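Quick notes on the structure that follows.
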Amino acid sequence: EEETATTTTTTSTASTALRVIDVGTGGGFPGLPLAIAFPNAQFLLVDSVGKKLKAVEAIASQLNLNNVQTYHGRIEQLIHDNDDYEKRNFIRHRESYDLCLGRSVTALPRFCFWIQHLLKTTTTKNNNNNKKEDNDHDDDQEGKLIYIIGGEIEETILSRVDEEILLDDLLGCQDVVLSDKKALVLRASKVLEIAELSGETNHGKSNKKKKHVQNKKNKMTRRNNNNGPNRHDNNHNNGNVSLSLDDKRGQDDHHKHKKFDNFKRYDS
């Protein structure tokens, strides 16, 4: 899956602009509205469904949003895959984003695992500035995750959240409850902590896939052995007797005749 730019940015401030990645953007929310509201920030909108991204690209083009790019593929591909192209992506995207957006894509710990290497850390910020910042400002230097989610949230997660904001409050709905959803704000360091709680591993999916492929090969091998030209011999070698159709008919006839062995005819 190649990364496609809806439009290109030619401003000299592009390298220092705020970088935002919207993971699982769908139809472009919240990435597109924010791109309109913050034209000086750079946005990468990610989704695995190509049709959705085509719609996003068309909208961005119609609105002349020069600060929007798209990536067609799963976020795991962008970061964790091992082929050469993805390695280049990993280096280019690693610890490069000031803000990551997510909207009920999956369970929060799993999402944190997927995006944990995208956000800038205090080390990244300090290296970019070529100086050591005061520890008091470390929290402000870290990249942040804003995750929109509804329902109950485990205490182990909530204890690591920096801010919890109801969407109704963001929309200014003081007297009417429109949604139970909230926006959770977490620093990069807290994202790393939650990622460890997820139980996910980088190679978990690839191992499952390899195991599935191997099981499929084993089934095909057994099927070929059973259906091959030496099936009858193989079954005898394995201690199983496989009878041909003629053999079975012979057995049935013998069984039928055996029933009448002791039959005696009496003349009237």
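Going left to right, the sequence shown walks through residues 59 to 326 as the working numbering numbers them. Note that beta-carbon positions come from the ideal geometry of N, C-alpha and C, so glycine has one too. Computed from a prediction, not measured in an experiment: that's the story for all the values here.
Straight-line measurement puts the Cα of V243 at about 23 Å from the Cα of N125. The criterion of a C-beta distance shorter than 8 Å is satisfied by F101 and D80. Counted as a single uninterrupted DSSP element, the alpha helix (DSSP H) harbouring L92 occupies residues 89 to 95.
For G131, the secondary structure class from DSSP, reduced to helix, strand or coil, is coil.
With fewer than three CB-CB distances shorter than 8 Å, the segment 149 to 164 does not count as touching the segment 106 to 119. Between the C-alpha atoms of T214 and D233 there is a straight-line separation of about 31 Å. In this structure, S237 lies away from D227, with their beta-carbon atoms at least 8 Å apart. H175 is positioned such that its CB atom lies no closer than 8 Å to that of E200. Secondary structure at Q174: coil, using DSSP grouped into helix, strand and coil. Taking the Cα of G84 as reference, the smallest distance to any Cα among V114, G208, V78 is reached at V114.
Pairing I94 with E258, the inter-Cα distance amounts to about 35 Å. Looking at the DSSP output, G160 shares a beta bridge with V81, Y205. Under DSSP, R245 shares a beta bridge with K202. Taking C-beta atoms as the reference points, L159 and V78 count as a pair closer than 8 Å. Non-local C-beta neighbours of K248 in its own chain, meaning closer than 6 Å and more than five positions away in sequence, comprise R218, ordered along the chain. If you check the CB distance, A253 and C170 come in under 8 Å.
If you draw a straight line from the Cα of L250 to the Cα of I137, it is about 15 Å long. 8 Å or more divides the Cβ of K178 from the Cβ of I207. Take R168, set aside five residues on each side of it, and the residues of its chain with a beta-carbon closer than 7 Å to its own are S256, E258, in chain order. L103 sits close to T128, with the two beta carbons spaced by under 8 Å. Excluding its 5 nearest sequence neighbours in each direction, G86 has C-beta neighbours in its own chain below 7 Å: L103, V114, I117, listed in chain order. Per DSSP, reduced to three states, the secondary structure at K240 is strand. Distance between G131 and T74, taken at the CA atoms: about 26 Å. CA-CA distance, Y155 to E210, rounds to 28 Å. In this model, L123 and L224 are separated by some 29 Å (Cα to Cα). Take I133, set aside five residues on each side of it, and the residues of its chain with a beta-carbon closer than 7 Å to its own are V81, V104, W172, I173, in chain order.
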